[in-house]
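Working notes, structure below.
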Amino acid sequence: MHEFLVFTISGLTTAGIYAISASGLTLTYVTTGVFNIAHGATGMLAAFTYWQLAVAWGWPVPLALLFCVLVAAPLFGLLLERVVMRRLAGAPESTRLVVTVAVLVVLVSAAQWLWDPSTFRRTQGLFAGRGFEAGGILVPYNDVVVLGVAAAVAGGLWLLLHVSRAGVAMRARVDDPSLAILNGARPATSARLAWMIGTSLAALAGILIAPKLTMSAIPLTLLIVNAYAAAVIGRLRSLPMTFAGALVVGLAADYAIGYVPKISYGQQYLRGVLPVIPVLVLLVALLVLRASRLRGKPALAIREITPTPTWAGTGVFAAAVAFGAVIAATTLAKADLYSSTALWGLAIVGLSMVPLVGYAGRISLCQLSFAGIGAAVVSHAGGGSNPAALLAAAAVAAIVGAVVSLPALRLSGIYLALLTGAFAVALDNWIFQLPAFTVLGDQFALFTNGTLSVERFAVGPLDTTSDRAFFLTGAALFLAAVAVVVAVRRGELGQRLIAVKESPAAAATLGMNVRLTTLAVFTLSAALAGLGGGVYASAVRSTTPDAFSFFTGLTLLLIVVVAGVSSIGSGLAAGLLLGTAAVGSATGDDSARVTATVVGLAALALAANPNGLIPSVLRPAYEPVRRSPAVLAGSVGAITALWVLTLVDAVAPNVLPLGVLLVAVAAPLVARPLAGRAAATAGTEPAGRDEGLSGPLEWLGFDAPVGRADLDAIDARLALDTARLDTGPHLASGKTVGEARVGAA
Amino acid sequence: MALLEIRDVTVRYGGHVALREVTLGVEAGRVTGLIGPNGAGKTTLFNVLTGLLTPGAGRVLLDGEDVTRLAPYRRARRGMARTFQILELFGQLTALENVALATRLRRRTAAGERPDPGALLERVGLSAFADRRADTLPTGLGRRLELARALAVRPRVLLLDEPASGQDPDETAAFADLLGELADEGLAILLVEHDMTLVMRVCAHLYVLDFGTLMAEGDPASVRADPRVREAYLGTSTGTDPGTGTAGAGTLAR
């Protein structure tokens, strides 16, 4: 009994902290429509700031606390709103989520730059752990204060939302921003207020929870999962239910800490379960939530560029990849080649996001976890020496993916993202760390003693054990995966996916089973990720769970999205950025941290251009090269010549990469004027906006009267004439209508 | 017997009653009109009919079968299709792809051949725009594309939510002819529309919805003559003979 009370008190304290955090999360979500995945990271940053002030610089505790929560945090929230979040209005939901993931990655990287992760730090609870006796139990003052603060936050938020003008405006904004504006509210003010309060609450929660954990960036950041478990119980809407949810999560977590170690059986398997209790609560909550309504098309400010890939274009891409792979395989130094073999597996994992995130517009935060499952399968299915193991990896990942997505299929996209995030954390913290267990008499260890060893496969004449052979095999496997994704996009499934993204409501009322389609794409992308994981594991031969951590997965997602998640090239970008640096030591390694920081910062710019770099920058730049045979042949010829010279040792090895870089920069510069001249002489100017007009559209009618031909061209463009339902009796009036319209415009 | 019926349907949004015990039927082979001021609950009714919204009380019957608890896609496969007041096209697909995808969404087991997407575009006058991305079409054309897409699933019941808005008078006239043709082919059509000229021209039966309650029904002439309808929706016309059909566009606002 005594023990039960102790755990109850500490559970209530934990619950209070989660409630503070979750209510901040819910407040910003309902007011601004942005679900802030970085909420926990903000709290983490606040905890470190507090540590710096109170411990390192010796400020008095109350002063440091108040400064962090009431000064630094609101200012930071204001900055966040001004620099990042404001631009997200009108962006697709997937972009909003990804941008907050970017904030998370940047904050974690920043914290790791500022506070060296290898130093041990801790903060103390308030009142240095002192307390009072009540009924034979020591009740820490800290816990009393935390509960009081949580109650004050609840009361304060209620007063804010129901009594104050600002709060009423915030609630109005949730229902209908444009209506709120018409009625005199200033949504920008509401949003700013919401971010300030939300950030303060995140900071408060971060500082209060820090003494219960070690001061380490990632665990503190992952508290977001606990907060969003509570928020999901509140349906991301209701603050009272969010507080109730926090109570469930907090008590469950602390009872688990108290009682799980007492279970006499299977202790070694349960140890890791403690950090994932909130994940389990989240799963249960998702299962009991009522299905979301199917929504129509969101009103977007940005038109998404997603050209359907052609087989010809894919052929060019494949040829370029194969050419590059052969050059790299034959010229890279042994050590460099070994560390670059990882590239292809990660490229396939990156590619797995294209159908799911790019085509269907659903976010998954656990693709790298599926890759981890794939790696484990390859390792256990014959040690990897059989290529069928790769297929098994894809199959197992597909099954796991289907099962994981099931609870969230009834719900809107954001819940799927949350569920995948929770799943990734559970795998990262628990399943991948499990010791060996026995299933049906077979000894089975996911990551045997923390590392997986995998052999490269060999079938008949195809022996991939050498780095060079495996590098080329990896490239071939990547291209096979590319072919699958292109075929999907060009087939009926691809169109279904686009339909689900564009308007679930319309798709459903036309007879599409939206859940089944979502399940299909989630399964497909999990299978690809599993395959990628298998290829990755075979490449590096020995791997640890760290390679598949939640945080690395987020970085991978960001790279793909920055590159352009609807373009197949984005997978390759992920592979090049992560696979050629040493991913194995992602935590603490400088190069990985640089990658994470740069990618995170780049992803913040997504708010302005969610289409990504490949479709909006790279493809337009290289399109003239593809169209100009002379430049194309010249570039390929130059690189081939350099390659041959390198092979016969006529030039130093580092000339080749420089040469390739030079060609890559020079080719578009040369090709653009060439393509322009060719078009001009042939008289086939690409169909632009002034096509068919006597002059530029905006100057029409200035120098000369608008001619009949111009009017007809404009009519055709505006679809005024050709598109009549019934051209018979109305044809006569068509011209005059067209004229009147243009005149009015 | 009506092909599509709703009986005593009530929908509440919090304290607001969007629909109160509404009962109506849509018969095959004719156009049924549903009119009423903005906010009367017309689109809510469509959402109930198509399954996007589950009513608090009441039943939806399709060909005598209770479909109230059926998912939207199952109802669509039983022969229900709709258009949307705010366009819900698949913007990244071309006009032709929009229609072609819809033809494939109806199960193969559905009787008959799949309609030809090109022919459907032709029918609504969009052949020239087959390869245009749907989100680049002007609203009027988008509405026609939604109609073609709805026809692509070979529906028995067609629900049209303000299909004439964004179309000019000529286009609307052609559209009225098309609706007549479709009804003659045996479709049951429910038309929500503010353009009273169109409504009076094509509808064989009218329902009037006001503040979520059904306030009148009958043939167009009797509905137009109903003093309560004139009071609530059409407006009391001064100096115009209500019988001449001029109670329309100009007097819609209350």
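Protein chains in written order, with this note's numbering: chain A, 1 to 745; chain B, 746 to 999. For each residue, glycine too, the CB sits at the ideal point set by N, CA and C.
Residue i classed as buried or exposed, judged by whether at least 16 other C-beta atoms fall within 10 angstroms
i	result
ALA633 of chain A	exposed
GLN367 of chain A	buried
THR595 of chain A	buried
ASP336 of chain A	exposed
TYR758 of chain B	exposed
THR543 of chain A	buried
HIS764 of chain A	This structure does not reach residue 764 of chain A, given that chain A is present from 1 up to 745, and the question cannot be answered.
HIS162 of chain A	exposed
ALA388 of chain A	exposed
PHE457 of chain A	buried
PHE432 of chain A	buried
ALA508 of chain A	buried
LEU138 of chain A	exposed
PHE4 of chain A	exposed
ASP649 of chain A	exposed
ASP463 of chain A	exposed
GLU492 of chain A	exposed
PRO972 of chain B	exposed
Residue i beta carbon near the ligand FAD (any heavy atom closer than 7 Å)
i	result
LEU524 of chain A	By its list of ligands, the structure shown contains no ligand whatsoever, and the ligand FAD lies outside what it can speak to.
Beta-ladder partner(s) of residue i, from DSSP
i	result
GLU810 of chain B	B:LEU807
GLY132 of chain A	Looking at the sequence provided, one finds Phe at residue 132 of chain A rather than Gly. DSSP, once it has assigned bridges, lists A:VAL139 as partnering PHE132 of chain A.
LEU342 of chain A	Checking the sequence shown, residue 342 of chain A turns out to be Ala, not Leu. In DSSP, ALA342 of chain A forms no bridge with anything.
ALA72 of chain A	DSSP lists no partner for ALA72 of chain A.
LEU959 of chain B	B:LEU954
THR189 of chain A	In DSSP, THR189 of chain A forms no bridge with anything.
GLU750 of chain B	B:GLY770, B:LEU806
VAL459 of chain A	A:LEU462
LEU764 of chain B	B:VAL756
ALA933 of chain B	B:ARG775, B:VAL902
ILE714 of chain A	Note: ILE714 of chain A sits in no beta bridge, so no partner.
ILE780 of chain B	B:VAL953
Backbone secondary structure at residue i - three-state DSSP
i	result
GLY988 of chain B	For GLY988 of chain B, the predicted model reports a pLDDT of 43, less than 50, meaning its position is unreliable; a value from the coordinates is still stated below. Here GLY988 of chain B sits in helix by DSSP.
TYR758 of chain B	strand
LEU669 of chain A	helix
THR123 of chain A	coil
SER910 of chain B	coil
HIS939 of chain B	coil
VAL1017 of chain B	The structure shown does not extend to residue 1017 of chain B, since chain B is modelled only from 746 through 999, so no value can be given for it.
THR543 of chain A	strand
ASP880 of chain B	helix
ASP649 of chain A	coil
LEU519 of chain A	helix
LEU903 of chain B	strand
ARG775 of chain B	strand
SER10 of chain A	helix
ILE263 of chain A	coil
Beta carbon proximity, residue i to chain D, threshold 8 Å
i	result
THR795 of chain B	The structure shown contains no chain D; its protein chains are A and B.
Other residues of its chain near residue i: CB distance less than 6 Å, five sequence neighbours each side excluded
i	result
THR13 of chain A	ASP143, VAL146
VAL651 of chain A	LEU645
ALA407 of chain A	Note that residue 407 of chain A is Pro in the sequence shown here, rather than Ala. So the qualifying residues of the chain are LEU286, LEU287.
SER364 of chain A	LEU356, THR420
LEU283 of chain A	none
GLY571 of chain A	ALA347, GLY350, LEU351
Sequence-distant residues of its chain with Cβ nearer than 7 Å to residue i (five each side left out)
i	result
MET196 of chain A	PRO74, GLY77, LEU78
SER238 of chain A	none
VAL99 of chain A	VAL84, LEU88, ALA603, LEU604, LEU606, ALA607
Beta-carbon contacts of residue i that lie in its chain and below 8 Å, excluding the five residues immediately before and after
i	result
ALA402 of chain A	LEU519, PHE522, THR523, ALA526
TYR415 of chain A	VAL232, LEU286, LEU289, SER292, ALA408
For the segment 807-852 of chain B, which segments carrying the alpha helix (DSSP H) assignment without a break, of at least 4 residues, lie completely within its bounds, in sequence order?
Those alpha helix (DSSP H) runs which fall completely within the segment 807-852 of chain B and span 4+ residues are 817-822, 840-850.
I'd like the ranges of any alpha helix (DSSP H) spanning at least 4 consecutive residues and lying wholly in the segment 611-643 of chain A.
You should have 619-627.
Completely contained alpha helix (DSSP H) runs for the segment 306-358 of chain A, where each covers 4 or more residues
With a minimum length of 4 residues, the continuous alpha helix (DSSP H) runs that stay inside the segment 306-358 of chain A are 311-331, 334-340, 342-353.
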